[in-house]
Amino acid sequence: MQDLDDVQRTAVLQEGVSCALATVHAINAADLFRDLPADPASQDRHNHGLWLLAMLNDHLRRIQEQVDTLDAAATAMVGG
Numbered sequence: 001m002q003d004l005d006d007v008q009r010t011a012v013l014q015e016g017v018s019c020a021l022a023t024v025h026a027i028n029a030a031d032l033f034r035d036l037p038a039d040p041a042s043q044d045r046h047n048h049g050l051w052l053l054a055m056l057n058d059h060l061r062r063i064q065e066q067v068d069t070l071d072a073a074a075t076a077m078v079g080g
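Counting in this note's numbering, the sequence shown runs from 1 upward without gaps.
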């Protein structure tokens, strides 16, 4: 039964990472950071927000790669 639990855990991980990536893509698609604010302090926050989104996107992609590897291993255990 442990093998089935591993598959279910991996499915939840896949769903979580997919939802997080979809959120990042929705923020980018909505152009929420399209316009640069006029004052320097707001520009700094704007640029920092863009930087954080890029970092989050990269981090989520690395997590997705790890979850994909777990998913293949879990599926092989149940199927094999």
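Ideal placement from N, C-alpha and C gives every residue a C-beta, glycine not left out.
Same chain only: Cβ atoms within 7 Å of LEU56, ignoring 5 sequence neighbours per side
VAL24.
When the Cβ atoms of the stretch 14-32 are set against those of the stretch 58-67, are three or more pairs found closer than 8 Å?
Result yes; three or more Cβ-Cβ pairs closer than 8 Å.
Does VAL67 pass the burial test, meaning 16 or more other C-beta atoms within 10 Å, or should it be called exposed?
Burial state of VAL67 is buried, judged by a 10 Å Cβ sphere holding 16 or more other Cβ atoms.
What do you get for THR69, buried or exposed, if any count of 16 or more other CB atoms within 10 angstroms of its CB means buried?
With fewer than 16 Cβ atoms within 10 Å of its Cβ, THR69 is classed as exposed.
Nearest-angstrom beta carbon gap, LEU36 and HIS46 [assumed within contact, 8 Å]:
HIS46 to LEU36, Cβ: 6 Å. Contact.
Short CB-CB distance (under 7 Å) between MET55 and chain B:
No chain B appears in the structure shown, which is made up of a single protein chain.
Rounded to whole angstroms, what's the CA-CA distance from ALA54 to ALA22? Just pull it up for me.
Between ALA54 and ALA22, the C-alpha separation is close to 13 Å.
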